[in-house]
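**Student:** Per my numbering, the very first residue in the sequence shown carries number 99; after that it's consecutive.
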Amino acid sequence: EIPATHPPRYDVEDGVALVPINDLPRVAGDYKSYGVVGGGKTGIDAVLWLLRHGVAPKRISWIVPNDAWMFVREAVTPPFAEGTGFEAATFFR
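#1: Would you mind reading off the limits of the alpha helix (DSSP H) that contains W147?
#2: Helix, strand or coil: how does DSSP classify V162 here?
#3: In whole angstroms, what is the alpha-carbon distance linking V174 and M168?
#4: Here's the rule: buried if 16 or more other CB atoms are within 10 angstroms of the residue's CB, otherwise exposed. What is V110?
#5: So, at 8 Å on beta carbons, what are the nonlocal neighbours of I158 in its own chain, with the 5 sequence-adjacent residues on each side left out?
#6: Run through DSSP, which three-state label would V125 get?
#7: Under three-state DSSP, which class holds V134?
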């Protein structure tokens, strides 16, 4: 589900500004703190945007369901598997 077109599946307290990421540049003010919900690409983009725009890390709370593991694809893909479409399957056999 896209946050901009669907309501959240959790309660939001009165007085909390719930903002889809596409609206963040338009409405980001000088809030005391920021909360980012979600550990996927969109959540990562929101955190990075806040950091790049001067928000101190201690003012950002990031709520994720699980820790994310990210890899540099070129570092974990063996050269013989590149371009075959079976990079992960070949590597993990």
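No residue lacks a Cβ here, since even glycine has one placed at the ideal position from N, Cα and C.
**Tutor:** Looking at the coordinates:
#1: 139–150
#2: coil
#3: 11 Å
#4: exposed
#5: S131, Y132, G133, V134, V145, L148, L149
#6: helix
#7: strand
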